[in-house]
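> This structure is in structure tokens; I'll ask about it shortly.
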Amino acid sequence: MSKTTWIKTIEVLSGKKLDATINIRGWIYRTRSSGNIVFMTIRDITGVLQATVKKGNLPDNEFEDAKKALIESSIELKGTIKEDKRAPGGYELQVTNIHVVNFAEPFPIVKDQSPEFLLDQRHLWIRSRKLASILKIRSTLVGAIHQFFRERGFYEFDAPILQPSQCEGGSTLFEVKYYNDKTYLSQSWQLYAEAGIFSLEKIYNMGPTFRAEKSKTSRHLSEFWMAEMEAAWMDLYDIVEIGKDEIRFILKQVLKNNKNELELLNQDYNKLKQISESDFPTITYTEALKILNEKENMNIKWGKDLRTLEENKLADHFKTPVVVTHYPVEIMAFYKPRDKKDPKTALCFDMIAPEGYGEIIGGSQRSLDIKDMTERLEAMGEKVENYEWYFDLRKFGSVPHAGYGLGVERTVAWICGIDNIKDTIPFPRTLLRFRP
Ligand code: ATP
Ligand code: MG
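Have a look at this one:
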């Protein structure tokens, strides 16, 4: 194949190379013909370019192909670059050769279709400029998370996806037939990570996570990606600071690499930049209730979990993400330890994103108290013998340790400023959908 030019680089090239002949390839994004001229917009991964196909400038059969080709046809073009102030990017291609690689059938997606229809057509919709922009930002974020932990001496550590027991409550487990037995899809990497720290001390992972969320919300997927960390010798306060640093690092990477995508999504670059340079506040659950009850006129009893509504009201009081620590121990998972200074609270935290994007990180110090964990598991009706291996970790050189999980999709949704978490993952799985 002949050497092709990325559309985005044409702007850079053009200053020097106006009138130069170039080849591009991509897909027809828009097309319109009138008489002896076809105006096309071509997209590739880097951008869109206007191309003008005039009868007489190219072989007749190629001109006929250009007229026939519908949107989403794949195409190779050769032509000269001319300045055109009205064209997107400021340049247009005057076409001298065209090769339609595949004539597309009429594309099912047209303007203003319902979200459900677009989800049915997801295999085609992910090529839209909106979704491609979000997916590029997601890719930056995933790369940033690996870079963040590796630069700080964390090792990547993998846990099984098929697990014999729950970590985050039995009600959201997905059951899987396992030969003649049954097992579950991972709700978290954490319990295995707690074994991993005795081998590698500081570890992280980003992997698929499965929770059978029974309610429909714009924040919950049944299959999502969680970026988790776990470290020996760290306490709650250490990991809170790591979590804040991680978010700032992700933001800086996105700002550096995805200016165009943020613009396409109408996201405010400067707002994110400011957050990436800010300190994030830390408050306790009790202080959060004070804000909600005194400033928002709510009436939340101590001991109740913060739901979406409360998280959103709380977030209204902050311009940056806010960390909330010391939730009531009664509503927390069995492995979150009591704070000895205030035993009705747990050494745990959530980080809540601004503007109603909700909890993006959840984490805690880990309990070292086998008796307390046993009682809490029994109270939930769990088979304690399934956790014997986990309790072993408290018997052979146990150390204080802590960790957290960051929801990749929620963080992408917040950074992109989009309403629904479904658009942050190529093929979302929810209560009502696992196709295509
Ligand atoms: P929530 O209360 O919102 O259901 P959670 O307390 O169950 O969250 P954790 O178990 O602490 O969440 O998981 C860590 C992170 O994973 C959360 O902060 C969130 O960003 C993300 N997360 C949890 N459940 C989901 C889900 N169903 N879909 C997408 N992301 C999720
Ligand atoms: Mg949950």
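Numbering (my numbering), first residue to last: 630 to 1065.
Where a beta carbon is used, it is the ideal one built from N, C-alpha and C, also for glycine.
Find the nearest neighbour of S907 within the set T937, Y1016 and E870, judged by alpha-carbon distance.
E870
> Which first and last residues belong to the alpha helix (DSSP H) in which V883 is found?
Per DSSP, V883 belongs to the alpha helix (DSSP H) from L865 to N886.
> Counting C-beta neighbours from all protein chains within 10 Å, is the total for I960 16 or more, i.e. buried, or is it exposed?
exposed
> Can you tell me whether A1008 is buried or exposed? The criterion is at least 16 other CB atoms within 10 Å of its CB, across all chains shown.
exposed
> Using the rule of at least 16 other Cβ atoms within 10 Å of the residue's Cβ for burial, across every protein chain shown, is F783 buried or exposed?
buried
> Spatial neighbours of L829 within its chain, please: CB distance less than 7 Å, with the 5 preceding and 5 following residues excluded, ordered by chain position.
Y784 and F786
> Between which residues of its own chain and G1026 is the CB-CB distance below 8 Å, once the five residues before and five after are set aside?
F827
> Could you have a look at N652 and say whether DSSP puts it in helix, strand or coil?
Three-state result, N652: strand.
> In this structure, how does DSSP classify G798 when only helix, strand and coil are distinguished?
In the structure shown, G798 falls within a coil segment according to DSSP collapsed to helix, strand and coil.
> Quick one: grab the DSSP three-state call for A860.
strand
> Can you grab the Cα-Cα spacing for the pair G664 / D689, in whole Å?
13 Å
> Determine, using beta carbons only, whether A982 and P950 come nearer to each other than 8 Å.
Contact flag set, yes.
> Can you tell me whether L850 is buried or exposed? The criterion is at least 16 other CB atoms within 10 Å of its CB, across all chains shown.
buried
> Which residue marks the beginning of the beta strand (DSSP E) containing G992, and which one marks its end?
G987 to Q994
> Find out if the Cβ-Cβ distance for the pair T838, Q819 is shorter than 8 Å.
no
> As a quick exercise: from V724, K948 and P1057, pick the residue whose alpha carbon is nearest that of R840.
P1057
> For the stretch 707-750, which segments carrying the beta strand (DSSP E) assignment without a break, of at least 3 residues, lie completely within its bounds, in sequence order?
720-731
> Please classify A680: does DSSP put it in a helix, a strand, or coil?
It is a strand residue.
> Give me the residue from I671, A1042, G718 and E712 with the minimum Cα distance to I625.
Shown here, the chain extends from 630 to 1065; a query on residue 625 therefore has no answer.
> Tell me whether G1050, by its Cβ, gets closer than 7 Å to a heavy atom of the ligand ATP.
The sequence given here places Ile at residue 1050; Gly does not occur at that position. For the ligand ATP, at least one heavy atom lies less than 7 Å from the Cβ of I1050.
> Just checking I738 against the ligand ATP - is the residue's beta carbon closer than 7 Å to any of the ligand's heavy atoms?
no
> Restricting to Cα atoms, I'd like to know which of T1059, H955 and S993 is closest to T913.
With distances taken between Cα atoms, T913 lies closest to H955.
> Near T1040, which residues of its chain fall below 6 Å by C-beta distance, leaving aside the five closest residues on each side in sequence?
I989, listed in sequence order.
> Write down every uninterrupted run of the beta strand (DSSP E) in the stretch 1005-1051 whose length is 3 residues or greater and which is fully enclosed by it, in chain order.
1030-1036
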